[in-house]
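*Asks:* Just passing along the structure, written as structure tokens.
Protein chains: 2
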Amino acid sequence: MPSARRLDALLDQLRARGVRVTAARRAVLAELLDAGHDHIGIEELATRVRRRTPAIHLSTVYRTVEALRESGILRAARLGDQPVAYHLAGDTHHHAVCRSCGTTVEFPDADLDDLRRRLVDRHGFAADPEHLTVSGRCRRCVGRGVDGSGSAAGHHR
Amino acid sequence: MPSARRLDALLDQLRARGVRVTAARRAVLAELLDAGHDHIGIEELATRVRRRTPAIHLSTVYRTVEALRESGILRAARLGDQPVAYHLAGDTHHHAVCRSCGTTVEFPDADLDDLRRRLVDRHGFAADPEHLTVSGRCRRCVGRGVDGSGSAAGHHR
DNA sequence: GTCATTGCAAATGGTTTGCATTGTA
DNA sequence: TACAATGCAAACCATTTGCAATGAC
């Protein structure tokens, strides 16, 4: 589906929920579509949006992003300690972030099936496809024996 | 093991790493031991600490908590959007938080075994026992058909 | 005695909010 | 026209930091 078409579809989705379509929302959605699979932070998103659409205030981007999130159109992901980054909903996935080098690995939502089943069976808890971040160490850092801020054996001074 | 004894053990653990044992650290650890299984936020922790030990500054609590975290003695957990809460390391567990009513359900680290295996097998990624928060809806809210900030059908107005 | 730790006050940084104005439906 | 959305500046709040004084080893 061409990008312009997808944009219209998303805008219709908004209207259908009684959410008004404005320049800011159109622009933010357009940028998110452009970004494809990448995750964009608020500042970056604001910058990109302004390249095409004048003076859209950062606070507006915040409010826009929140509106889109409530409409289920985008997802917020907090990778490690970085500020929240956004991406269109759709292919739900999660991230594993290396605490030593910061590398991130993506994994599909299906990898949580087992956990989901356990949560439902035991607690009746229905897990959302909300973004999840797992911390740990990537292949390279494990191989190297590198250890992040965690537990380094006695090093005195 | 009596609480005082456990405190000493933890303090020794600190000394063994070359971390100095101070009033603030003793006090914070004592409170965390007292809190048992509960998670405590920074402000609350500072308040409790001050009940026994005078004028310990909030920034000191922050620094103390960070030092203890680096030593692997405590864990930080961010439940939903609340500020970070702390608890002693040990019985690693995770939380599922209901996005409608805020109820939290605890689940054991073992519930992540399957995910862990997948991450290792496919990416060589070694997941930490770091705290994880899963969002979703609890049994009651699922039953009631309540829906949090998520997707409420067209409401125009 | 040395150097980590603390108290304090000030800075930071991401995010939110009140209000008058603008623009969508 | 009515009311949601925006721009802007100010407020917020958790967390961090610089520095001189203090205290652990």
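The listed protein sequences derive, respectively, from chains A and B. So in our numbering, spot 63 of the first sequence is number 63, and the numbers just go up one at a time. Going from the second sequence to our numbering is simple: count from 1 and add 1000. Ideal Cβ positions, reconstructed from N, Cα and C, are used throughout, including at glycine.
Does the CB of B:ALA1126 have a neighbour CB from chain A at under 7 Å?
*Replies:* yes
*Asks:* Once DSSP output is grouped into helix, strand and coil, what is the label at B:HIS1155?
*Replies:* Confidence is the limiting factor: at B:HIS1155 the pLDDT is only 39, short of 50, which leaves the residue's position unreliable and the question unanswerable from this model.
*Asks:* Can you give me the Cβ contacts of A:LEU115 inside the same chain, cut-off strictly under 8 Å, excluding the 5 residues immediately before and after it?
*Replies:* ALA127
*Asks:* Below 8 Å on the Cβ atoms is my guess for B:LEU1045 versus B:LEU1007; work out the distance and round it to an integer in Å.
*Replies:* Their Cβ separation, rounded to whole angstroms, is 16 Å, which puts B:LEU1045 and B:LEU1007 out of contact at 8 Å.
*Asks:* Could you give the residue range of the alpha helix (DSSP H) that holds A:CYS138?
*Replies:* Note, A:CYS138: premise wrong, no alpha helix (DSSP H); not H, not E.
*Asks:* Please list, in chain order, all residues of the same chain as A:VAL65 whose beta carbon is under 8 Å from its beta carbon, the five residues on each side excluded.
*Replies:* VAL28, ILE42, LEU45, LEU74, ALA76, TYR86
*Asks:* Determine the DSSP secondary structure at A:GLY41, reduced to helix, strand or coil.
*Replies:* strand
*Asks:* Any chance the segment 1047 to 1058 of chain B sits against the segment 1007 to 1018 of chain B, with 3 or more Cβ pairs inside 8 Å?
*Replies:* no
*Asks:* Taking the alpha-carbon positions, what's the B:SER1135 to B:GLY1090 distance?
*Replies:* 23 Å
*Asks:* Give a yes or no on whether 7 Å exceeds the smallest Cβ distance from A:GLY102 to chain B.
*Replies:* no
*Asks:* Counting only Cβ pairs nearer than 8 Å, list the residues of chain A close to B:GLY1136.
*Replies:* LEU119, PHE125, ALA126, ALA127, ASP128, GLU130
*Asks:* Would you report the Cα separation of A:ASP147 and A:ARG26, rounded to the nearest angstrom?
*Replies:* The straight-line gap from Cα to Cα measures roughly 44 Å.
*Asks:* Mind listing the chain B neighbours of A:LEU112? Cutoff is C-beta to C-beta under 7 Å, in chain order.
*Replies:* Ordered by position in chain B, the residues that pass the 7 Å Cβ test against A:LEU112 are LEU1115.
*Asks:* Might you give, ordered along the chain, the residues of its own chain that have their beta carbon closer than 8 Å to the beta carbon of A:GLY143, omitting 5 neighbours on each side?
*Replies:* none
*Asks:* Buried or exposed for A:VAL97, going by 16 or more other Cβ atoms inside 10 Å?
*Replies:* buried
*Asks:* Determine the chain A residues that contact B:ARG1020 at a beta-carbon separation under 8 Å, and present them in chain order.
*Replies:* Result: empty, since nearest Cβ-Cβ is about 11 Å, beyond 8 Å.
*Asks:* Shorter than 7 Å from the beta carbon of A:ARG25 to some beta carbon of chain B?
*Replies:* No, because no Cβ of chain B sits closer than 7 Å to the Cβ of A:ARG25.
*Asks:* How about B:ARG1063 and B:SER1100: do their beta carbons lie closer than 7 Å?
*Replies:* no
*Asks:* Could you tell me which of A:VAL105, A:ALA24, A:ALA35, A:THR133 sits nearest to A:ARG50, measuring between CA atoms?
*Replies:* Scanning A:VAL105, A:ALA24, A:ALA35, A:THR133 for the CA closest to the CA of A:ARG50 turns up A:ALA24.
*Asks:* Using the rule of at least 16 other Cβ atoms within 10 Å of the residue's Cβ for burial, across every protein chain shown, is B:VAL1084 buried or exposed?
*Replies:* exposed
*Asks:* According to the neighbour-count rule (16 or more other Cβ atoms, all chains shown, within 10 Å of its Cβ), is B:ASP1121 buried or exposed?
*Replies:* Under a 10 Å Cβ-count criterion, B:ASP1121 is classified as exposed, with fewer than 16 other Cβ atoms of the shown protein chains found around its own Cβ.
*Asks:* Return the Cβ separation of B:HIS1094 and B:ASP1109 in integer angstroms, given the expectation that the two are a contact with Cβ distance under 8 Å.
*Replies:* 7 Å
*Asks:* Residues of chain A with CB closer than 8 Å to the CB of B:ALA1096, please, in chain order.
*Replies:* LEU119, HIS123, PHE125, ALA127
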